[in-house]
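Chains R and U, in that order, give the protein sequences.
Residues in the first sequence are numbered consecutively from 270, following this note's numbering.
Residues in the second sequence are numbered consecutively from 54, following this note's numbering.
All C-beta atoms in this analysis are idealised placements derived from N, C-alpha and C, irrespective of residue type, glycine included.
Notes for the one structure printed next.
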Amino acid sequence: MILQTEQTRAEIAEWFEACSVHDVVENGGVCVKYKKEQIALFYFTRRNEWYATQNECPHKRQMALSRGMIGSVGQEPKIACPFHKKTFSLATGQCLNGDECSIKTYPVKVINGIVFIGIAKNQD
Amino acid sequence: MRIVIIGNGMASFKLCEKLRTKGSKYAITVFGEENQPAYDRVHLSEFFSGRKADDLFMAPKSWYHENDIQLHLGDPVKSIDRLSKKVHSFSGETVTYDNLILATGSAAFIPPVPGIEKQGVFLYRTIEDLEMIRSYSAKVKNAVVMGGGLLGLEAAKAMLDLGIKNTHVIEFANRLMPRQLDIEGAGLLKNKLSELGLHIHHSKNTVNISGEEKIHAVEFADGSFLETDMLVISAGIRPRDELAHQSGLAVGPRGGIIINDILQTSDPSIYAIGECALHNKMIYGLVAPAYEMAEVLSANLMVNFPEATAVKTFTGFDMSTKLKLIGVDVASFGDPFIENENTRTIAVTDKLKGNYKRINISADGKQLLGGILVGDTTQYNMMLQTCRNKMLLPADPMDILHKNTDQKKSDNAGITALPEDALICSCESVTKAGICQAVSEQNCNTVDAIKKCTKAGTGCGGCVPMIKDLMVHTMKEKGIYIRNVVCEHFQYSRQELFDLIKIQQTKTFNEVLDTFGKGDGCEVCKPLVSSLIASIWNEMILRKGNDSSQDSNDRFLANIQKGGTYSVVPRIPGGEITPDKLIVIGEVAKKYNLYTKITGAQRIDMFGAHVSDLPNIWTELISAGFESGHAYGKALRTVKSCVGSTWCRFGLHDSVSYAIRIEERYRGFRAPHKIKSAVSGCIRECAEAQSKDFGIIATEKGWNLYVCGNGGSKPQHAQLLATDLDSDTCIKYIDRFLMFYLKTADPLNRTATWLNKMEGGIEYLRNVVVNDSLGMAEEWEAAMQHFADSYACEWKAAIETPEIRKRFSHFINAPEEKDPSVQFEEMRGQKKVPDWNNPK
Numbered sequence: 270m271i272l273q274t275e276q277t278r279a280e281i282a283e284w285f286e287a288c289s290v291h292d293v294v295e296n297g298g299v300c301v302k303y304k305k306e307q308i309a310l311f312y313f314t315r316r317n318e319w320y321a322t323q324n325e326c327p328h329k330r331q332m333a334l335s336r337g338m339i340g341s342v343g344q345e346p347k348i349a350c351p352f353h354k355k356t357f358s359l360a361t362g363q364c365l366n367g368d369e370c371s372i373k374t375y376p377v378k379v380i381n382g383i384v385f386i387g388i389a390k391n392q393d
Numbered sequence: 054m055r056i057v058i059i060g061n062g063m064a065s066f067k068l069c070e071k072l073r074t075k076g077s078k079y080a081i082t083v084f085g086e087e088n089q090p091a092y093d094r095v096h097l098s099e100f101f102s103g104r105k106a107d108d109l110f111m112a113p114k115s116w117y118h119e120n121d122i123q124l125h126l127g128d129p130v131k132s133i134d135r136l137s138k139k140v141h142s143f144s145g146e147t148v149t150y151d152n153l154i155l156a157t158g159s160a161a162f163i164p165p166v167p168g169i170e171k172q173g174v175f176l177y178r179t180i181e182d183l184e185m186i187r188s189y190s191a192k193v194k195n196a197v198v199m200g201g202g203l204l205g206l207e208a209a210k211a212m213l214d215l216g217i218k219n220t221h222v223i224e225f226a227n228r229l230m231p232r233q234l235d236i237e238g239a240g241l242l243k244n245k246l247s248e249l250g251l252h253i254h255h256s257k258n259t260v261n262i263s264g265e266e267k268i269h270a271v272e273f274a275d276g277s278f279l280e281t282d283m284l285v286i287s288a289g290i291r292p293r294d295e296l297a298h299q300s301g302l303a304v305g306p307r308g309g310i311i312i313n314d315i316l317q318t319s320d321p322s323i324y325a326i327g328e329c330a331l332h333n334k335m336i337y338g339l340v341a342p343a344y345e346m347a348e349v350l351s352a353n354l355m356v357n358f359p360e361a362t363a364v365k366t367f368t369g370f371d372m373s374t375k376l377k378l379i380g381v382d383v384a385s386f387g388d389p390f391i392e393n394e395n396t397r398t399i400a401v402t403d404k405l406k407g408n409y410k411r412i413n414i415s416a417d418g419k420q421l422l423g424g425i426l427v428g429d430t431t432q433y434n435m436m437l438q439t440c441r442n443k444m445l446l447p448a449d450p451m452d453i454l455h456k457n458t459d460q461k462k463s464d465n466a467g468i469t470a471l472p473e474d475a476l477i478c479s480c481e482s483v484t485k486a487g488i489c490q491a492v493s494e495q496n497c498n499t500v501d502a503i504k505k506c507t508k509a510g511t512g513c514g515g516c517v518p519m520i521k522d523l524m525v526h527t528m529k530e531k532g533i534y535i536r537n538v539v540c541e542h543f544q545y546s547r548q549e550l551f552d553l554i555k556i557q558q559t560k561t562f563n564e565v566l567d568t569f570g571k572g573d574g575c576e577v578c579k580p581l582v583s584s585l586i587a588s589i590w591n592e593m594i595l596r597k598g599n600d601s602s603q604d605s606n607d608r609f610l611a612n613i614q615k616g617g618t619y620s621v622v623p624r625i626p627g628g629e630i631t632p633d634k635l636i637v638i639g640e641v642a643k644k645y646n647l648y649t650k651i652t653g654a655q656r657i658d659m660f661g662a663h664v665s666d667l668p669n670i671w672t673e674l675i676s677a678g679f680e681s682g683h684a685y686g687k688a689l690r691t692v693k694s695c696v697g698s699t700w701c702r703f704g705l706h707d708s709v710s711y712a713i714r715i716e717e718r719y720r721g722f723r724a725p726h727k728i729k730s731a732v733s734g735c736i737r738e739c740a741e742a743q744s745k746d747f748g749i750i751a752t753e754k755g756w757n758l759y760v761c762g763n764g765g766s767k768p769q770h771a772q773l774l775a776t777d778l779d780s781d782t783c784i785k786y787i788d789r790f791l792m793f794y795l796k797t798a799d800p801l802n803r804t805a806t807w808l809n810k811m812e813g814g815i816e817y818l819r820n821v822v823v824n825d826s827l828g829m830a831e832e833w834e835a836a837m838q839h840f841a842d843s844y845a846c847e848w849k850a851a852i853e854t855p856e857i858r859k860r861f862s863h864f865i866n867a868p869e870e871k872d873p874s875v876q877f878e879e880m881r882g883q884k885k886v887p888d889w890n891n892p893k
């Protein structure tokens, strides 16, 4: 299963093997370490969708998004930061509370029960 | 029938609107002198605070077209031929009428002062005036406004909005707003306006405007003068009666077209409405009476009037007003000045808060005749209604001057007491009955819907709070359920979901969502439903399927703190702890490098724990006999106690033992919000039980039970529910109280808020809890007993269940590593988190 996100179109330098499907909490998130980066990985079991974003909430720069609650507004999948309940679109990374900030999103694919996160080429 | 209206102001527009909404098919022709369609003069000063002229129009030109009304703009009527019933306009139009309505309005009163023609002298009246003032104001440093009445102060506000800091107001009378305020009230208003930077001068009779071509100074009769770059005149109005006078209609000695109670001039087929009309020696310079005149005339024109009898008459108008003048609330109602042997006056000046309140009452103290409010006008609506409807005053009339401690209750009582024909919106003359009918018969259940349906609240807007109260009241009365739904995913209230989950036996968030909701949930409904599931089924909250729908703190059974670490609070029932347990806390805190602090609830909080350390910390705490303190949950927190009779020489009972018993009964009880409690061993109340959701104070004979108090941002004292209870009865009452709260409170409402919203208040609650008026006592006590019997420590379950324990790691692919972004600093020998407003 490959999930299309905005960044799938960017060229992927590496599909990074994050964890097993069973490691990820259903309808919730976990934090994945990739080099010096922290990536929040979400298994939206209800919709059978996978999403990955930066783990840091841009509001107060806390490494916390993976511990937040996921949900939807209309059809848009979203994540709420546990600190101040700022919400971001899981699909586009846009802040849904009208703030200027947004979060980075990553493509995710699952092959044989293993979850891969796509790292874009011009990634530093 | 052919109707011609001369003048195109607010009264003229309102008449057109009313005639058309009443369904008249008359041919209507309107002649206006200005180039714009009718505009809203009441909000003219907003032109300077950024409103565009277009926003002020009552209706666009197209409205007249759509409503089949001939509108001639920029074309004043030159003469009226009363014999042949024709009007001749300036541009040469001739129109025949059956009924002619003069709505020529008023012009600014121009005082006969020499020099009035100089550059820099302006009137404050029309949009053109305002546009000229605006372009001229760019080059001025100061301004003088002539006139300290309502319009004058509006003009002064406009000067401030234009950025002219040095603005003076001069008034001929001995005070500001002489028509509305007495000396005392006007003095207070003056102080307030002076604080805002306006310079106020009263008792100033202007005798000359000096300067060459341009204005240089305004000179007064007392020899003083004010140098200024600009003078704005807003010294009252003069009715536009020239045309009527020239046509031979009767006009007043000081101006105004004389009309009778059916608004007829001395010519039976000619009427006058608005500010040009003189009714009973009175010119009404406000919009509300003009609208009332439009209503009366339109109603009468609809029947074959004047042959048939008039259906409505105009018998004068209450000039009560409430307005915000440059940020200061001012109101006057009824007869604000009346003073004679049959009346008494009560006046209160609060110079600290800047409030002045005056009421004039009948000598027997029963009726309110009028009054003045400056500063705080919150009681205006109630006072006005009391005055208008001749309602009886409270036994002590002073009470009406003070805000009631329980504002909500008194407001509701006030609304209920109003008669059906009480005028709520005077701008659009809508009564209480009209609003209630809109709610009950037209199904209006928002203020906006009521505005659309009745037009109430669309004028000055002052009655909107009262409309809302009436709406809520009517909806309740008619049994219209005010839906208080959770969020977009659930079209149910919390209380409804509570019952649904119980009846359908749904036990996970997904089941609840699939059965009763839609979409995928969110940060509002997830914790709410999780809390309900926890309350109803009392299962371990991190059971698979419910773990990720818990609020963030519940999900990790700890409180997330700045930096992303957690704090740990073991339960210390009643605040009693052995030295050995203290040592354990000390050792654990040291081992895991935690900051420690005594909390406000007689417990010890350990901060700065990495998420992966939490299970290890709890393994050690639990083996030493501790259990979860539920500091992370919307649950019972602590039952605080004083040391009580075991040590204290004043103590009546053993408050500590009782506090422990209570805390152990309700520990882990999940509710709409956190619950705090305390037990005091005597009336000295060292445990501060009266600030808790439920608090107990020892008496000679037993315990007094207080409920629904809280500290926090809106502190509220708990209220006495029952007295001199024995220990078992007191616990029964608490069982019932907590179950009732759990079942009926709105989400995130603490007990105090819950009680504040409860119809009947503490009396009703006492009936339910003490007298078992709902017949639920037995069921509730049994449910609480079952809850207490099946209690298990969540943390014990968490550390013993590998699936749950596995979730307590920061990185899923590196479980042994801690979050490298967590940093600490040192302060007073302990650690702290760097301030998150300073970027890392």
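Per-residue DSSP class, three states only, for residue i
i	result
U/Leu566	helix
U/Val525	helix
U/Met230	coil
U/His839	helix
U/Cys478	strand
U/Lys462	Unreliable placement is indicated for U/Lys462, whose pLDDT of 44 sits below 50; no coordinate value is reported for it.
U/Asp371	coil
U/Cys506	helix
R/Cys300	strand
U/Arg441	helix
U/Ser142	strand
U/Phe273	strand
U/Asp382	strand
Segment limits, beta strand (DSSP E) that includes residue i
i	result
U/Trp671	Taken as a continuous stretch (DSSP letters only), U/Trp671 belongs to no beta strand (DSSP E), being part of the alpha helix (DSSP H) at Leu667 to Ser676.
R/Trp284	Ile281 to Ser289
U/Met659	Ile657 to Ala662
U/Asp403	Thr396 to Asp403
Residue from the options whose Cα sits closest to the Cα of residue i
i	options	result
U/Gln769	U/Ile503, U/Lys745, U/Ala712 and U/Met111	U/Lys745
U/Asp666	U/Lys571, U/Gly305, U/Ile56 and U/Asn646	U/Asn646
R/Ala349	U/Ser605, U/Thr806, U/Gly570 and U/Ser710	U/Ser605
U/Ser546	U/Phe569, U/His526 and U/Gln558	U/Phe569
U/Ser188	U/Phe175, U/Arg819, U/Arg135 and U/Glu119	U/Phe175
U/Cys440	U/Asn413, U/Leu426 and U/Val427	U/Asn413
U/Glu753	U/Lys767, U/Cys735 and U/Glu716	U/Cys735
U/Cys761	U/Ser733, U/Met524, U/Arg803 and U/Ile784	U/Arg803
Paired residues, beta bridge with residue i - DSSP
i	result
R/Ile386	R/Phe285 and R/Val377
U/Pro623	U/Ser681
U/His125	U/Phe84
Unbroken alpha helix (DSSP H) run spanning residue i, endpoints
i	result
U/Gln557	Arg547 to Gln557
Chain-ordered chain A contacts of residue i [CB-CB under 9 Å]
i	result
R/Gln363	In summary, chain A is missing from the structure at hand, where the protein chains are R and U.
Could you name the residues of the region 861-874 of chain U whose beta carbon sits closer than 9 Å to any beta carbon of chain R, in the order they occur along the chain?
-> Ser862, His863, Phe864, Ile865, Asn866, Ala867, Glu870, Asp872, Pro873 and Ser874
Any residues in the region 567-596 of chain U with a beta carbon nearer than 7 Å to a beta carbon of chain R? Which ones, in chain order?
-> Gly572, Asp573, Gly574, Cys575, Glu576 and Lys579
Taking Cβ-Cβ distances below 9 Å as the criterion, which residues of the region 603-616 of chain U are in contact with chain R?
-> Gln603, Asp604, Ser605, Asn606, Arg608, Phe609, Ile613, Lys615 and Gly616
Looking at chain U, which residues of the region 280-296 of chain R have a Cβ within less than 8 Å of any of its Cβ atoms?
-> Ala287, Cys288, Asp292, Val293, Val294, Glu295 and Asn296
Residues of the region 755-768 of chain U with a CB closer than 8 Å to any CB of chain R: list them in chain order, please.
-> none
Near-chain U residues of the region 324-343 of chain R (beta-carbon distance less than 7 Å), N- to C-terminal order | Lys329, Arg330, Gln331, Met332, Ala333, Arg336, Gly337, Met338, Gly340, Ser341 and Val342
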